[in-house]
Amino acid sequence: MNSQILTRSAKSGNDWGRNELAAYNISTEPQDAATFFQVDHLPEPHVPADMLYKLEAEDATNLDAFRTISAMDLAMNATPLESAVDDFVVRLFDILGYTSRHALLRTRKDIELFICGVSMLAKTDVCLLKNRSEIILLVQEDKRQMEDRGDAEAQLIAEAIAAFQSNNKKRILAGLDPVQHLLIPGIVMIGTAPILYKIRVTKGLADAVTYGAFPPVPTVVHFHVPAVPRPHRLLSEGMKPLDNRHIILRCYEAFKRFIILNSSNFSTGGGMPARAPNVKAANTGKNLR
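Per my numbering, the sequence shown runs over residues 2 to 290.
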């Protein structure tokens, strides 16, 4: 198929699929953990011990772990409501330390997407905002189990392009130079099972989408599926089994560095990280009283 002759039309982020990725010269490639996270060994997660060793919420003595495991159980329903998965992501990101005074979570935030000369919307499920404004992490739930709700991977990439456009618009209004490229971390959630993405958006790609043109330089989006003991059951088991949970939490801990890098690079113009050292963090958290 010749991607250059594909029809490009003004579509919202929720309507993106394989054709839109091909039309804008975008492809995806899997990577193993060492290549994707740029570490020799996955770090231990900085979470309360109950998150690693208590299968059921009622067995947890740590309040944060109790709340997070409870939210996970709600999101593990056979036909989970979208809000249950989003609620779990919010709890999980808090306990992982993704949030801070300067990094806050939003759910169901609309981002303006300029495509083919028209202003459309890309609707996020969860996103992390730096200083309540700049988007530094995106989460998209896979809703295909909810009656033909689209391609979550393509939707996530559309949201990343919209975030790049939005962040640059805010920089210009603040009197700052727009960035030329940025690595935007993203996650597709299938229940409680994540697929992690590194989406490198360039000004060339964003401009091509804005004007409905074919970008001559290809964009390759890398992703990683956590290597759990029973890969064929990852989607059904999610983070419930303790062995799965430990591996997935280690992936989230390693992924954190790209979020921190993204937060700092809004002032430097965006760049690629150096290979990270392995750091083992202590477990923390509040206890039930």
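Every residue gets a Cβ at the ideal spot worked out from N, C-alpha and C, and that includes glycine.
These numbers were taken from a predicted model, which means no experiment stands behind them.
Do residue j and residue i come within 9 Å of each other at the CB atom, strictly closer than that value?
i, j, result
"residue 223", "residue 30", "yes"
"residue 259", "residue 186", "yes"
"residue 257", "residue 97", "yes"
"residue 135", "residue 87", "no"
"residue 56", "residue 243", "yes"
"residue 111", "residue 129", "no"
"residue 184", "residue 262", "yes"
"residue 144", "residue 169", "no"
"residue 25", "residue 209", "yes"
"residue 95", "residue 108", "no"
According to DSSP, simplified to helix, strand and coil, what is residue i?
i, result
"residue 78", "coil"
"residue 184", "strand"
"residue 159", "helix"
"residue 45", "coil"
"residue 274", "Confidence is the limiting factor: at residue 274 the pLDDT is only 48, short of 50, which leaves the residue's position unreliable, though a coordinate-based value still follows. Residue 274 falls in the coil class under three-state DSSP."
"residue 215", "coil"
"residue 103", "coil"
"residue 110", "coil"
"residue 209", "helix"
"residue 25", "coil"
"residue 166", "helix"
"residue 86", "helix"
"residue 235", "helix"
Should residue i be listed as close to the ligand PLP, given that the test is whether its C-beta is under 8 Å from any heavy atom?
i, result
"residue 24", "As presented, the structure is devoid of all ligands, the ligand PLP included, so that no description of it is given."
Give the single residue among the options whose Cα lies nearest to the Cα of residue i.
i, options, result
"residue 191", "205, 85 and 128", "85"
"residue 28", "216, 231 and 234", "216"
"residue 199", "162, 193 and 240", "162"
"residue 103", "120, 131, 126 and 76", "131"
"residue 51", "197, 71 and 209", "71"
"residue 236", "189, 170, 207 and 208", "189"
"residue 63", "101, 49, 75 and 247", "49"
"residue 219", "207, 226, 65 and 230", "207"
"residue 226", "7, 37 and 22", "37"
How close, in whole Å, do the beta carbons of residue i and residue j come, if the pair is a contact with beta carbons under 8 Å?
i, j, result
"residue 14", "residue 156", "6 Å"
"residue 213", "residue 137", "About 27 Å; that fails the 8 Å criterion."
"residue 140", "residue 202", "Their Cβ separation, rounded to whole angstroms, is 17 Å, which puts residue 140 and residue 202 out of contact at 8 Å."
"residue 228", "residue 35", "Rounded, the Cβ-Cβ distance is 11 Å, inconsistent with contact."
"residue 17", "residue 164", "That belief does not hold up - the Cβ atoms of residue 17 and residue 164 are roughly 14 Å apart, past 8 Å."
"residue 76", "residue 67", "Not confirmed; about 15 Å, so no contact."
"residue 119", "residue 11", "4 Å"
"residue 240", "residue 231", "With 8 Å as the limit, residue 240 and residue 231 do not qualify as a contact, their Cβ atoms being about 13 Å apart."
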